[in-house]
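Visitor:
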Amino acid sequence: MKNNLLVYILLCLLNLSWANARNKQQEAEALIKKSVEALYNNPKQASYYAAKVIELFPEERLNDQKAEAMFYYSQAEKLLGNFDVSIKNLYDALEYATPANKELNGQIYALIGALYCKLTDYNKAIEMNEKAISIFKSIGDSISIALCYNDRGIIHYSMNEFNTAEQFLKQALIINRSQKNLRGISANLNNLCLYEGDFNEKLSLINEAIIINKNLNSQWSLGENYNNMGKQYFYAKQYNNALMALQRAYEVASSISAKELICDNYEYLSWVYDALGDHKNAYKCLMQLYTLSKELQSGSKLRIVEQEISHKQYQNQQRKAELREQAYEIELLKRNLFVLVIIFISLIVLSIFLYQWYKRKKNMQLMVTRYNLEQSEHELAELKVRQQELELKSVQSALYNSRQEATSFAVFLHSRNELLEKIREMIKQGYKMDQQALIPHLKKVNAFISQYQNGDKTNSTLLMNVEEKNQEFLQRLSERHPNLTQGEKYLATLLRVNLSTKEISMLTGNVPKTINMNRYRLRKSLNLSSEDDLTDYLQNI
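Those letters in the sequence shown? Residues -21 to -1, 1 to 520, by mature numbering (1 follows the signal peptide of the UniProt record, and there is no 0).
Below is the structure:
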């Protein structure tokens, strides 16, 4: 009976514990839902609900509900302008979120990226944004990808990279329209109006965003919409309309204590008043902007300092005894390590310097050597060109002399043939004469022959010169083609000096047709095809 009572009591305690845990989860879900609903309408109330959820789970262990509550708490504080509190809670939320809950981890990284953008650490902002995009792509969450593209557009806008910003914002808008995500659409439309552009197009976009946010009762977003509407009216130089829009934005932002929106409102108002020449009001707005910005910044710094002091006190309480015992050793080690590091760095710097100096010296020597080599090669090339030019001139001169000699030789042969023909005619005439007339006629023939003998000495020198030059050619020709006849060799010597058929006909006294037949026989004896040039072949021997 006693044992049964103990079991019953244990069961009751377990049921109570389970019921309590269940009630805590249900309460947390309800509070998180309220926080989400109030987020853009009343960020303060949203922050309160999220803080209540965090208080429900004081234990230090993985808890997605606590991490989710911390995420919405951070988002509410961001809207209120408390960036330091927001980013601190987001890093804590990463510690509580389970790795399996990729959607929540991605949302936390995305919001951290947006906060780093507000703190002007754009490299860190892009890094966190990329992490979030990678997570959402792995789970196929299009709406969250669009949210990241929207945040990325704001990052590039803050960096004055307006074209890149517009590309990301338009990508986000396309995705949100396809998913019919009204809150995402309104955010994209609003952010597309952050910078100057086509006024009518921008005004149309901001009006569409205002209609959506009115239907969603999103007061924070409405305040941002009216701020950007005033900004676009300022760009269009419609200053009265700009003042009206900014006044409406101020009323909405003040009603929900959105300090960030109020700061933007003061800044835009100062632009408009300055453009209107109302420098007094412009200065007043700038002073209000300065005061509120200083309040935000000083509050932020104070919270960071308080957190650091609290953390340090906690650590100091644990390590106080160890630090007292090891203080001297640590300081000594630090000093020695510092000296060693300085020496090591100095040696590295010196080594790098010496290496660079040696390398530069070697490179200079190599460049000088290469330059001298190139100069030598250039001079050698010039000498070769000159030598080739001289050789070419020599060959051309020899060719010209050969042609002159061949021409002279041809003229000589032609005149010799004419002489022989004349003598033959005179002898024929002597056949018909009687004894008395024949003797004077023979004397006349003898005188005619004596007359031409004087010119024969010059022609003999020419013939000897031609014969000397042809001797080597005939020797090489005979070595290659030993079966050639004397007539074929003679014709080859005439063709070698590039004499035409007509010129050879004049020299030999044969008709051109006979010369062509002899050329054909010579080509056949040399084993040349019809495509081979006979003269080129002979000149190349």
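Note that the Cβ used here is the ideal one computed from N, Cα and C, for glycine as well. Small disclaimer: the values here were computed from a predicted structure and weren't measured.
What number of angstroms, rounded off, separates the C-alpha of Arg498 from the C-alpha of Gln367?
Guide: If I take the Cα positions, the gap works out to 35 Å.
Visitor: Measuring CA to CA, which of Ser504, Asn68, Leu501 and Asn155 is closest to Asp120?
Guide: Selected option, being the one with the closest Cα: Asn155.
Visitor: Nearest to Asn396 by alpha carbon, out of Leu486, Tyr469 and Gly466?
Guide: The candidate whose alpha carbon is nearest that of Asn396 is Leu486.
Visitor: Check this for me: beta carbons of Asn160 and Ile124, under 8 Å apart or not?
Guide: Not a contact, by the Cβ cut-off of 8 Å.
Visitor: Which class does Thr270 belong to by DSSP, given the choice of helix, strand or coil?
Guide: DSSP places Thr270 in helix when its eight states are reduced to three.
Visitor: Excluding the five sequence neighbours on either side, which residues of its own chain have a C-beta within less than 7 Å of the C-beta of Glu47, listed in chain order?
Guide: Within the same chain, Glu47 has close Cβ partners Ile11 and Leu83.
Visitor: Mind the definition here: the region 13 to 23 touches the region 48 to 58 only if three or more C-beta pairs lie below 8 Å; say whether that holds.
Guide: Touching, yes, given that three or more Cβ pairs across the two stretches are closer than 8 Å.
Visitor: In this structure, does DSSP put Phe427 in helix, strand or coil?
Guide: Of the three classes helix, strand and coil, the one that applies to Phe427 here is helix, per DSSP.
Visitor: Is residue 522 helix, strand or coil by DSSP?
Guide: Residue 522 lies beyond the range of the chain shown here (-21 to 520); nothing can be said about it.
Visitor: Using the C-alpha atoms, what's the distance from Asn167 back to Tyr212?
Guide: If you take the alpha carbons of Tyr212 and Asn167, they lie about 19 Å apart.
Visitor: Do the region 100 to 107 and the region 62 to 82 touch if we need at least three Cβ pairs shorter than 8 Å?
Guide: Touching, no, given that fewer than three Cβ pairs across the two stretches are closer than 8 Å.
Visitor: Which class does Met107 belong to by DSSP, given the choice of helix, strand or coil?
Guide: Reduced to three states, the DSSP call for Met107 is helix.
Visitor: Alpha carbon to alpha carbon, what distance is there between Val328 and Gln54?
Guide: So the alpha carbons of these two residues sit roughly 48 Å apart.
Visitor: Would you report the Cα separation of Glu175 and Tyr214, rounded to the nearest angstrom?
Guide: Cα to Cα, Glu175 sits roughly 6 Å from Tyr214.
Visitor: Once you ignore the five residues that flank Asn207 on each side, which residues in its own chain have a CB closer than 7 Å to its CB?
Guide: Excluding residues within five positions, the ones whose Cβ falls inside 7 Å are Asn169, Cys172, Leu173 and Ile185.
Visitor: Considering only C-alpha positions, which residue in the set Ser249, Ile153 and Val64 is nearest to Tyr218?
Guide: Minimum Cα distance to Tyr218 is reached at Ser249.
Visitor: Would you give the residue range spanned by the alpha helix (DSSP H) that Asp130 belongs to?
Guide: Note, Asp130: alpha helix (DSSP H), Ser121 to Ser137.
Visitor: Using beta-carbon positions only, say whether Ala89 and Leu126 come within less than 8 Å of one another.
Guide: Going by C-beta atoms, Ala89 is nearer than 8 Å to Leu126.
Visitor: Does DSSP put Pro37 in a helix, a strand or coil?
Guide: Reduced to three states, the DSSP call for Pro37 is coil.
Visitor: List the endpoints of the continuous alpha helix (DSSP H) containing Asp253.
Guide: Taken as a continuous stretch (DSSP letters only), the alpha helix (DSSP H) holding Asp253 covers Lys238 to Leu255.
Visitor: Does DSSP put Pro22 in a helix, in a strand, or in coil?
Guide: Residue state, collapsed to three classes: helix.
Visitor: For Tyr252, collect the residues of the same chain with a Cβ closer than 6 Å to its Cβ; drop the 5 residues on either side in sequence, then sort them by chain order.
Guide: If we look at Tyr252 and ignore the five residues flanking it on each side, its Cβ neighbours are Asn260 and Ala261.
Visitor: If contacts are defined as beta-carbon pairs under 8 Å, then Phe62 and Leu98 qualify, I think. What distance do you get, rounded to the angstrom?
Guide: Phe62 to Leu98, Cβ: 6 Å. Contact.
Visitor: If you reduce the DSSP assignment to three classes, tell me which class Gly278 lands in.
Guide: Residue confidence for Gly278 is low, a pLDDT of 44 falling below 50, so the modelled location carries little weight and cannot support an answer.
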